[in-house]
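S.K.:
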Amino acid sequence: MKKTEIKIIEEVSLDNPIFIEALPGIGHVGKLVADHLIDELEAVKFAEIYSPYFPPQVFIGEGGIIENMYNELYYLKSQGEDKRDFIILVGNTQGLSTEGQYSLCGDILDFVEPLGVKEIFTLGGVPTGQPVENSRVFGAATDSEKIKILEEVGVERASEHGIIGASGLFLGLGQLRGMSGICLMGETPGYFIDAESAEAILLKLSKLLKIEVSTDELEKRAEETKSMILKAQRMEQEVMSRQIPQQDGDDLRYIG
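One point on numbering: in numbering that gives the first Met the number 0, the residue at position 78 of the sequence shown is 77, and numbering is uninterrupted.
1. For SER166, which of helix, strand or coil comes out of DSSP?
2. Nearest chain B C-beta to GLU98 closer than 9 Å, yes or no?
3. When you compare each of PHE85, ARG135, PRO126 to GLY26 by their alpha carbons, which one comes out closest?
4. Assuming LEU103 is part of the alpha helix (DSSP H), what are its boundary residues?
5. May I ask you to report which of helix, strand or coil DSSP gives SER205?
6. Does the Cβ of GLU20 have 16 or more other Cβ atoms within 10 Å, making it buried, or fewer, making it exposed?
7. Quick one: what's ARG83 bridged to in DSSP?
8. Figure out for me which residue from VAL136, SER166, PHE191 has the closest Cα to the Cα of LEU202.
9. Counting pairs of beta carbons, one from the segment 1-15 and one from the segment 80-90, are three or more of them closer than 8 Å?
10. Considering just the uninterrupted stretch of the beta strand (DSSP E) at SER179, what are its terminal residues?
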């Protein structure tokens, strides 16, 4: 494989869909939210993404069955008060290198833009390094109007730090294409799968998107994914430690 491949499972026609990115990151809160949305709202998978920019590994699951590194795209039609369509990006990895992140995000935007995407939501975590009693949700956006919308639903404005990884790049690269967007980031210790932070994000996201989603199964989902994610973290950290220089944590606080 020499370039990213997007395997189309179902041809879809969508009406001005909102693109939601939630790949693995700090506390895996964004991934937890998106996986929960997909299950609760019965989203339909329509594309699979494989790339040489993913970590050079596979997972060994139950019974010795391997699982590739992948991203997936799901769609929802006519949801919530505004009857909006959505595209949700999930997966078990992000791009491994800086080049890989830019290439993957660009390829995915190339794919979803013709489907009518003009608005992006990215989901991630704010690492605190210590226990959090009540997770706050911070937000950043591509324009002042969206900042006002965030404040109206009680999302706190993020301070001046970087948003690294897919959650930042999708907004930045999307803005260059005329797309607007929002990043929601939940406070999390960052060293375990954080269902409480995911719930805090989901509650704010539901208000912003004007949809109704139960949070009852979030804790259960966190436990189900914990083993796989911990294994992924160990494997990816081993690879990244050999390829990517360490960054100053004070300068790059947020991660998608």
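Just so you know, even glycine gets a beta-carbon here, dropped at the ideal spot from N, CA and C.
This structure is a prediction, so every number in the text was calculated from the model and none was measured.
M.R.: Per the coordinate set shown:
1. Residue mapping note: residue 166 aligns to position 167 of the sequence shown, counting from 1. DSSP places SER166 in helix when its eight states are reduced to three.
2. Among the protein chains of the structure shown there is no chain B, as only one such chain exists.
3. For the purposes of this step, residue 26 is taken as the residue at position 27 of the sequence shown. Selected option, being the one with the closest Cα: PRO126.
4. By one-based count along the sequence shown, residue 103 stands at place 104. Counting along the chain, the alpha helix (DSSP H) containing LEU103 begins and ends at 97-111.
5. For the purposes of this step, residue 205 is taken as residue 206 along the sequence shown, with counting starting at 1. SER205: helix per DSSP, three-state reduction.
6. Here residue 20 refers to the residue found at position 21 of the sequence shown. That one is buried.
7. Locating residue 83 in the sequence shown gives position 84, counting from the first residue. Answer is GLN78.
8. Residue 202 sits at position 203 when you count from the first residue of the sequence shown. Of the candidates VAL136, SER166, PHE191, the one whose C-alpha sits nearest the C-alpha of LEU202 is VAL136.
9. yes
10. For the purposes of this step, residue 179 is taken as residue 180 along the sequence shown, with counting starting at 1. Counting along the chain, the beta strand (DSSP E) containing SER179 begins and ends at 179-187.
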